[in-house]
Amino acid sequence: MNDLSWMERALFLAERGRGRTSPNPLVGAVVVTADGVVVGQGAHERAGDAHAEVRALDAAGSRAKGATLYCTLEPCCHVGRTGPCAPYIVGAGVARVVAAIEDPNPRVRGGGFAYLRAHGVDVTVGVGAAAATAMNQPFLTMIRERRPFVILKAAVSADGRIAARMGERTALTSAAANRHAQRARAEVDAIGIGSGTLLVDDPLLTPRGVYRERPLTRVVFDRRLRTPPSARLLSTHEAGPVIIVTSAEAGDRAAERAALERRGARIEIAADATFGASLACVGASGISSLLIEGGAALHAAAWDEGLVDFMRLYITPHVLGTDGVPLLDGRLFASAELIDRRVEPLGEDVLLEGYVHGPH
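Residue numbers (our numbering): 412 to 771.
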């Protein structure tokens, strides 16, 4: 097997941590002897647990001496919740490290590679880079842009509408599409909706019918602080925290704010009226992936500021007609232009998803 084949194995292992490692990245590692025998492998399975390289090297033991370590991300060289990996690799006697991508974290950013090279370890970077980059878009976006990776999710009729009319709750998707949407909820850090959607739908915003190990943060973008204390999602704190992002003016409404805080909501004040400012509040809470589920105004705000990274559309056979609310009304959007576009049948519906900007 060649370097790419071993890296693909490491990438496969990294998937063990999906939905559990945030704010850390997904990482997999494989230790291979000079004669092509796998003697250790591992993944970073949840934040705070051992890193993939350490798991793989511990499994390899003395057989790591003179071997090659394949890892999907640059080994760290700083002390976080666990010790640094680069010195551990050197101590294990590894002769060569093959890594997919550099870690952009300022505390690493090439430092791990430099440490390894300074201690006589041969280092190759870039094998499997595209797959490793796509896998860790939330982590990379948070580190580089200090904001969450934003996924716009919508159920869309055959004629491009997301609701029968403004302010009317409209169920469109089949059971198969609903199950897929719940699985997608289980993998992100947070779900976001606008205050209009909350007032119309009064949703719980919890993953149902799927296992989720970590709490799920629910975010309401509510510049006017219209969220009622009776909102159903405020009765589900066992599922995770609720953050209401509002404006400075609305945040000064002491009575309304106090009533929501008594119900367990955390109120965050955005620096200005832009979606970007509200998104910065979400990122400051350690959230690296945000699924925005509606409504039309929130979708439009994120799109207009160029802050939608990924689109996930459930296309249904329904026709809602000219009274219906269009997806991204009046904005230039063509699903055919999505990058790494993927189409999957889901019952009577079709999932269509892809990157807006491309993984980077």
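By construction, the Cβ of each residue, glycine as well, lies at the ideal position given by its N, Cα and C atoms.
Secondary structure of M577 (DSSP, three-state): coil. Straight-line spacing of the CA atoms in L731 and D514 works out to 47 Å. With contacts defined as CB atoms closer than 8 Å, G453 and A475 fail to qualify as a contacting pair.
Counting C-beta pairs closer than 8 Å gives three or more between the segment 427 to 437 and the segment 592 to 605, which meets the contact rule. If you look at T535, you'll find it isn't in any alpha helix (DSSP H); it sits in the beta strand (DSSP E) that goes 533 to 536. Exclusion of the five residues before and after G605 leaves F632, G706, A708, L709 as the residues of its chain whose Cβ lies within less than 6 Å of its Cβ. Between the beta-carbon of N516 and that of I554 there is about 5 Å, and that keeps the pair under the 8 Å contact cut. Taking a cut-off of 8 Å for Cβ pairs, the segment 677 to 691 and the segment 644 to 660 touch, as three or more such pairs fall below it.
In the DSSP assignment, I678 is bridged to I655. Three or more beta-carbon pairs drawn from the segment 715 to 724 and the segment 750 to 768 are found closer than 8 Å, and the two stretches are therefore classed as touching.
A straight-line Cα-Cα distance of about 12 Å links E649 and L615. In this structure, the CA atom of M412 is about 39 Å from the CA atom of R557. If you draw a straight line from the Cα of A510 to the Cα of V448, it comes to about 18 Å.
Each residue's CA atom was taken as its position, placing R623 and G531 some 42 Å apart.
Contact annotation: the segment 474 to 488 touches the segment 499 to 508, with at least three C-beta pairs closer than 8 Å. Taken atom to atom, the span from the alpha-carbon of A684 to that of A712 is near 10 Å.
Taking all protein chains in view, the Cβ of R664 is surrounded by fewer than 16 other Cβ atoms within 10 Å, so the residue is classified as exposed.
In this structure, V611 sits away from R594, with a CB-CB distance that is not shorter than 8 Å.
Annotation: the continuous alpha helix (DSSP H) that includes F423 extends over 414 to 425. Listed in chain order, the beta strand (DSSP E) runs fully inside the segment 604 to 665 are 628 to 632, 653 to 657, counting runs of at least 3 residues. Annotation: the continuous beta strand (DSSP E) that includes I703 extends over 700 to 705. At least 8 Å separates the beta-carbon of L609 from that of T617.
Three or more Cβ pairs closer than 8 Å define a contact, and the segment 731 to 740 meets that threshold against the segment 560 to 573.
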